[in-house]
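A short worksheet on the structure shown next.
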Ligand SMILES: Nc1ncnc2c1ncn2[C@@H]1O[C@H](COP(=O)(O)OP(=O)(O)OP(=O)(O)O)[C@@H](O)[C@H]1O
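Numbering (UniProt numbering), first residue to last: 1 to 224.
Shown next as structure tokens:
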């Protein structure tokens with residue numbers, strides 16, 4: 001059997017403020033297999049974003065083991081972590097952080113160029129992804145000329161541009177109304193499945209979580 005795309009063992013994270021220590025993650029264990037889409041549920045403040053930051057190799061301060069595609073990241077120096085992140089991970093946030101001066105296509109092209117893909121190939125991939133998300137008629141629009149749901153779909157295309165093994169999504173449809181949120185999430189899940197990526201998706205929403213392959217819950221700093 002293949003390696004998990006992510007394997008966490010005994011992951012811990014505390015924050016210190018003055019004399020107060022908040023133990024947010026108190027020993028999280030989690031394996032996600034290739035192609036598996038996992039919903040991460042938990043109330044506000046339970047540590048969902050903190051957990052995604054750990055898996056995304058974006059922040060230090062964690063103890064325990066974080067393996068991405070079989071490579072242990074916790075002892076890596078920053079350059080190695082960046083390489084591991086670029087080779088394996090894609091990100092979607094609640095607020096899309098698209099580049100405002102670039103159009104939809106260019107926003108999806110940019111991460112590919114950073115990864116060394118030619119402009120021509122990157123354009124083809126961007127158009128393919130955006131078209132499959134129903135944005136074939138919006139390729140030349142800038143973010144300010146797109147609706148919230150359209151902007152979020154561009155962010156989804158950008159996250160998948162470099163064919164990540166794992167997509168990390170933090171409330172990916174949290175800023176959209178219910179109808180748009182359902183539609184964008186369905187398109188997100190279809191695309192991730194079609195691409196064969198795994199995903200870890202933080203949400204408050206039980207109904208959206210039920211559409212994924214598996215649900216894990218953060219409770220008292222651990223996963224139930
Ligand atoms: N940089 C920080 N410094 C101090 N405390 C922090 C920091 N980041 C997070 N926390 C605390 O850690 C806890 C978990 O935060 P986190 O954002 O991971 O929760 P969450 O489950 O994603 O919440 P939400 O659903 O509201 O986004 C909170 O109590 C928060 O105040």
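Here a beta-carbon is modelled for each residue, glycine too, at the ideal position from N, C-alpha and C.
Remember, it's a predicted structure, so these values are computed and weren't measured experimentally.
Count Cβ pairs between the stretch 161-169 and the stretch 136-151 that sit closer than 8 angstroms; are there 3 or more? Judged by Cβ distances under 8 angstroms, the stretch 161-169 makes no contact with the stretch 136-151, as fewer than three pairs qualify.
Given residue 158 as reference, the closest of 149, 111 and 200 once Cα atoms are compared: Nearest C-alpha to residue 158: 111.
Measuring CA to CA, which of 198, 21, 172 and 116 is closest to residue 204? 172
Distance, Cα to Cα, residue 25 vs residue 54? 10 angstroms
Residue 22: buried (16+ other C-beta within 10 angstroms of its C-beta) or exposed? exposed
I'd like to know whether the C-beta of residue 59 is nearer than 7 angstroms to at least one C-beta of chain C. Although the question refers to chain C, the structure presented lacks it and comprises just one protein chain.
Suppose contacts are defined by Cβ-Cβ distances below 7 angstroms. Is residue 49 in contact with residue 170 by that definition? In this structure, residue 170 lies closer than 7 angstroms to residue 49 by Cβ.
Can you give the Cα-Cα distance for residue 30 and residue 208, rounded to whole angstroms? 20 angstroms
When the distance is taken between beta carbons, is residue 218 closer than 7 angstroms to residue 45? no
How would the residue list near ligand 1 read, in chain order, if you kept each one whose beta-carbon is closer than 5 angstroms to any heavy atom? The set, ordered by position in the chain, is 15, 24, 44, 45, 46, 47, 48, 49 and 50.
Give me the DSSP bridge partner(s) of residue 225. Since the first and last residues shown for the chain are 1 and 224, residue 225 lies out of range.
CB residue 73 to CB residue 57, shorter than 7 angstroms? With contacts defined as CB atoms closer than 7 angstroms, residue 73 and residue 57 qualify as a contacting pair.
Tell me the DSSP secondary structure of residue 9 in three-state form. strand
Bridge-paired residues (DSSP) for residue 63: BP columns for residue 63 point to 12.
In its own chain, which residues sit with a C-beta less than 6 angstroms from the C-beta of residue 224, not counting the 5 before and 5 after it? 217
Could you pull out every unbroken alpha helix (DSSP H) segment of at least 4 residues lying fully inside the stretch 29-89, listed in chain order? When DSSP assignments are scanned along the stretch 29-89, the uninterrupted stretches of alpha helix (DSSP H) that are 4 or more residues long and fall wholly within it turn out to be 48-55 and 78-88.
Just the C-alpha distance for residue 222 and residue 185, rounded to the nearest angstrom, thanks. Looking at the two C-alpha atoms, the distance is approximately 26 angstroms.
Using the C-alpha atoms, what's the distance from residue 77 back to residue 175? In this structure, the straight-line span from the alpha carbon of residue 175 to that of residue 77 is close to 35 angstroms.
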